[in-house]
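Working notes, beginning with the structure itself.
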Amino acid sequence: MLNHAMRYVIIIIGCLLAAAAYNLFLIPMNFLSGGLAGIAFILYYLFNLPIGIMNFLLNIPILYIAYRYFGRLYFFDTILGTILFSVALDLTAFLNAYPPLSEPMLCAIVGGVISGIGFGLIFRSNCNTGGVDVIAALIKKLYSYNVGTMVFVLDCLIILSSVWLFDYNIAVYTFICMYLGGVLTNKMIDGFNMRKSIMIITEKPEAIADVIMIELDRGVTFLYGQGAYTKNNRKVIYVVITMRQVSRIKELTLDIDKNAFFIISDAREVTGEGFSHH
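Sequence positions in the sequence shown follow my numbering and run 4 to 281.
Set out below in structure tokens:
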């Protein structure tokens, strides 16, 4: 029960952050936005229609798609995020009368960062705010295109189609804001606490494994492989470490075997003993 309550709290915080970023930094500068929220922005600029209400109305067909093609659970998460975000947009609308910055580039940067963090909290909680995310998911389901690519293409089409209504500079600032927002959203989803996974091919696997476990206090797994040329069987060391331990593990390994071969890769969402738990 507590986990469910905390999930809803995080979703609400994410919606408020994203909506506040829009009202503080984007709307005062007449910036646009991707997705159906971008269309709601245009309707606000042209006819002074409430952004939150318009965002919800525009999402009604999207909610049907969510229910029709993705089932009740996805539909519930979609309608939850859509309603909360739409309410947050109008609830924080008063903030657009008090813009803290007057420089468009700074507004694009700060607005993109804060909205990206907000949406990251929403998506990390397995929720979404409807719009082109659902359309992109449907396209992927039907035609197997990448969701991230489809979201970006659909967002670009919405902004480019409205360029004739506004200054070209507005479109450029909007793209900057969207890019930064996307980067921060992905960071929030993947986690800032980046780890590294390392595979070590060496003639002295036991000795290196022992020193890693003792000096770095990290668990080590042996993978069993075979050299394609020599046909010799060997143990391959596999270990996940923090960023700060990369240079240390290389130093410890090369002290034992100067010919050791390393493969170092990014590791995301590492959970378990010695790392974060969810």
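Just so it is clear, CB atoms sit at the ideal spot from N, CA and C, and this is done for glycine as well. If you're wondering where the values come from, they're calculated on a predicted model, not measured in any experiment.
Item                                                                                                                                                              : Value
Which of the three DSSP states, helix, strand or coil, is assigned to residue 251?                                                                                : helix
How about residue 26 and residue 95: are their beta carbons less than 8 Å apart?                                                                                  : yes
How is the alpha helix (DSSP H) around residue 141 delimited, first residue to last?                                                                              : 135-146
On the criterion of 16 or more Cβ atoms from any shown chain inside 10 Å, does residue 132 qualify as buried, or is it exposed?                                   : buried
Are the beta-carbon atoms belonging to residue 81 and residue 100 less than 8 Å from one another?                                                                 : no
Mind checking whether residue 175 and residue 39 have CB atoms under 8 Å apart?                                                                                   : no
Sorted by chain position, which residues of the same chain lie with C-beta nearer than 7 Å to residue 144's C-beta, five sequence neighbours on each side aside?  : 72
According to DSSP, what are the bridge partners of residue 224?                                                                                                   : 241
Measuring alpha carbon to alpha carbon, tell me which residue in 253, 139 and 206 is nearest residue 237.                                                         : 206
Considering only the alpha carbon of each residue, which of 124, 142, 90 and 245 lies closest to residue 184?                                                     : 124
Around the Cβ of residue 170, are there at least 16 other Cβ atoms within 10 angstroms (buried) or fewer (exposed)?                                               : exposed
If you count every other CB in all the chains shown that lies within 10 Å of the CB of residue 281, and 16 or more means buried, which is it?                     : Since pLDDT at residue 281 reaches only 47, below the 50 mark, its modelled position is unreliable, and no value is offered.
Alpha carbon to alpha carbon, how far is residue 244 from residue 213? Give it in angstroms, no decimals.                                                         : 15 Å
Tell me which residues share the same chain as residue 181 and place their Cβ nearer than 6 Å to its Cβ, disregarding the 5 neighbours each side in the sequence. : 37
Which same chain residues, not among the five before or five after residue 7, have their C-beta less than 8 Å away from its C-beta?                               : none
Residue 204 lies in the beta strand (DSSP E); which residues open and close that run?                                                                             : 198-204
In terms of alpha-carbon separation, which member of 255, 119, 231 and 226 lies closest to residue 241?                                                           : 226
Under DSSP, the alpha helix (DSSP H) around residue 268 begins and ends at which residues?                                                                        : First-last for residue 268: 264-270, but that is the beta strand (DSSP E), not the alpha helix (DSSP H).
Please report the straight-line C-alpha distance between residue 60 and residue 13, rounded to a whole angstrom.                                                  : 24 Å
Roughly how many angstroms separate the alpha carbons of residue 74 and residue 18, rounded to a whole number?                                                    : 23 Å
Got a sec: does the ligand COA put a non-hydrogen atom nearer than 7 Å to the Cβ of residue 141?                                                                  : Absence of the ligand COA is noted for the structure shown, with no ligands found whatsoever.
In whole angstroms, what separates the C-alpha of residue 103 from that of residue 85?                                                                            : 27 Å
Report yes if the CB atom of residue 224 is closer than 8 Å to the CB atom of residue 119, and no otherwise.                                                      : no
Less than 8 Å separating the beta-carbons of residue 263 and residue 203?                                                                                         : yes
With a threshold of 16 other CB atoms inside 10 Å of the CB of residue 230, please say whether the residue is buried or exposed.                                  : exposed
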